[in-house]
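A short write-up of the structure that comes next.
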Amino acid sequence: MFEITRTEQFSPSTFLWEVRAPEIARAARPGQFVIVHCDEMSERIPLTIADFDAVSGTVTIVIQAAGKSTLDMMAYKAGDRILDIAGPLGEASVIENFGTTVLVGGGLGVAPVYPILRALKLKCCRTISIIGFRSMSLMFWEGRFREYSDETIIVTDDGSYGQQGLVTQPLKRIIMERQIDRVIAIGPLVMMKACAEVTRPLNIKTIISANPIMVDGTGMCGSCRVSIGGEVKFACIDGPDMDGHLVNFDELIIRQKRFHKYEKQSLDLRDAQKSN
Ligand SMILES: Cc1cc2nc3c(=O)[nH]c(=O)nc-3n(C[C@H](O)[C@H](O)[C@H](O)COP(=O)(O)OP(=O)(O)OC[C@H]3O[C@@H](n4cnc5c(N)ncnc54)[C@H](O)[C@@H]3O)c2cc1C
Ligand code: FES
Numbered sequence: 004m005f006e007i008t009r010t011e012q013f014s015p016s017t018f019l020w021e022v023r024a025p026e027i028a029r030a031a032r033p034g035q036f037v038i039v040h041c042d043e044m045s046e047r048i049p050l051t052i053a054d055f056d057a058v059s060g061t062v063t064i065v066i067q068a069a070g071k072s073t074l075d076m077m078a079y080k081a082g083d084r085i086l087d088i089a090g091p092l093g094e095a096s097v098i099e100n101f102g103t104t105v106l107v108g109g110g111l112g113v114a115p116v117y118p119i120l121r122a123l124k125l126k127c128c129r130t131i132s133i134i135g136f137r138s139m140s141l142m143f144w145e146g147r148f149r150e151y152s153d154e155t156i157i158v159t160d161d162g163s164y165g166q167q168g169l170v171t172q173p174l175k176r177i178i179m180e181r182q183i184d185r186v187i188a189i190g191p192l193v194m195m196k197a198c199a200e201v202t203r204p205l206n207i208k209t210i211i212s213a214n215p216i217m218v219d220g221t222g223m224c225g226s227c228r229v230s231i232g233g234e235v236k237f238a239c240i241d242g243p244d245m246d247g248h249l250v251n252f253d254e255l256i257i258r259q260k261r262f263h264k265y266e267k268q269s270l271d272l273r274d275a276q277k278s279n
């Protein structure tokens, strides 16, 4: 069993867990993920490692309540225990001094960008962060980003904080005005696709984090396959980081919705059980 040592609610649907898992905390690298299994009856949920601390032996995950399992997870409190947490899984992000790197986080994608930003800064990269939320009420980790970014740009869809608009707008401006050596973009698939399209004409290497539906997370089931430059890759072992200019996003978007009917059924059943 693994203890949840701290929880924090960022918004009505977004929350953080710190879980005591010393071996994972020691081995974790930016870009990797864990699979959480709360109890015998629950499904296995892949979640990116948003932070890790080998000294306290904890890993941090930031979760968006997207359906039945993640809604159930929101009820856990500090001191509660979960059955299992497996990891670290996946290839770690490549961390080198790439020069000037723009890190783009959209919504929940802000959390997985953070350990990459910190590691790049420690490698002396010049870091420009663009973090975007639908609204100020959904924002989190501004302070963490300012600490490791040479420049931090915040955008909100509704203009309630920072610049109004989408993350692609400052990204477009920055790559036209300056020499940018690399872009890392993590967030919803449509956002990552849009960022890759912005950087494609200037051929700026753009890394995205692919999040197809995963089952085992170890390359055995084939659920997480992604087409990369016409080749089939498994996001759980070949990624999650992928070259954004080679990813077939349209296929990925369709595949991510393939269990929609069943996800809705299990959410409806949960609602019905709650109201009884
Ligand atoms: C490598 C990776 C890292 C991720 N990191 C995070 C994270 O840090 N924070 C976070 O909130 N979410 C993350 N996700 C997505 C998270 O796993 C899903 O939101 C979660 O599994 C949804 O489960 P549910 O039962 O609550 O919702 P459901 O109703 O079952 O699904 C809602 C949506 O979530 C996606 N999803 C469902 N099951 C899976 C699955 N097994 N694998 C991947 N996606 C799924 C589908 O797009 C689905 O339409 C990550 C996914 C992957 C693959
Ligand atoms: S999740 Fe099964 S192969 Fe990747």
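For the sequence shown, the numbering used here begins at 4 and goes up steadily by one.
Even for Gly, the Cβ is constructed at its ideal location relative to N, Cα and C.
Residue i beta carbon near ligand 1 (any heavy atom closer than 7 Å)
| i | result |
| --- | --- |
| M217 | yes |
| A114 | yes |
| K208 | no |
| G306 | No statement about residue 306 is possible, as the shown extent of the chain runs from 4 to 279 and does not include it. |
| N251 | no |
Cα-Cα separation between residue i and residue j, rounded to whole angstroms
| i | j | result |
| --- | --- | --- |
| A213 | P49 | 12 Å |
| D241 | A78 | 33 Å |
| S278 | D271 | 11 Å |
| P33 | D160 | 28 Å |
| T202 | P191 | 17 Å |
| C41 | I88 | 8 Å |
| G93 | I119 | 14 Å |
| T17 | A68 | 6 Å |
| M217 | Q259 | 10 Å |
| A188 | V116 | 8 Å |
| L86 | L74 | 17 Å |
| F101 | F36 | 23 Å |
| V183 | K175 | The sequence shown places Ile at residue 183, rather than the Val named in the question. If you take the alpha carbons of I183 and K175, they lie about 11 Å apart. |
| S14 | A95 | 29 Å |
| S152 | A30 | 25 Å |
| A275 | Q268 | 10 Å |
| E254 | G233 | 11 Å |
| L205 | L106 | 17 Å |
| V2 | S72 | Residue 2 is absent from the model: the chain starts at 4 and stops at 279. |
Close Cβ partners of residue i (< 6 Å) along its chain, the five nearest in sequence each way excluded
| i | result |
| --- | --- |
| G135 | G109, V158 and V170 |
| E154 | I131 |
| P25 | G60 |
| P289 | No answer is possible for residue 289: it lies beyond the span of the chain, which begins at 4 and ends at 279. |
| I38 | R47, P49, A89 and G220 |
Any chain B beta carbon closer than 8 Å to residue i
| i | result |
| --- | --- |
| I240 | Structure shown: chain B not included; a single protein chain is present. |
Near ligand 2: residue i beta-carbon under 7 Å from a heavy atom
| i | result |
| --- | --- |
| F101 | no |
| G90 | no |
| M223 | yes |
| S226 | yes |
| A238 | yes |
| G220 | yes |
Residues near residue i by beta carbon distance below 7 Å, same chain, minus five either side
| i | result |
| --- | --- |
| R23 | F5, E6, T8, G60 and T61 |
| E99 | K126 |
| G222 | F237, C239 and I240 |
| V97 | none |
| D83 | I7 |
| K124 | T130 and Y151 |
| M76 | C41 and I66 |
Contacts around residue i, its chain only, beta-carbon distance under 8 Å, and the 5 residues preceding and following it disregarded
| i | result |
| --- | --- |
| I231 | D241, M245, D246, L249, V250 and N251 |
| G225 | F237 |
| A28 | F55, D56, A57, S59, G60, T61 and V62 |
Under 8 Å: do the segment 133–140 and the segment 28–47 share three or more Cβ pairs, one atom per stretch?
no
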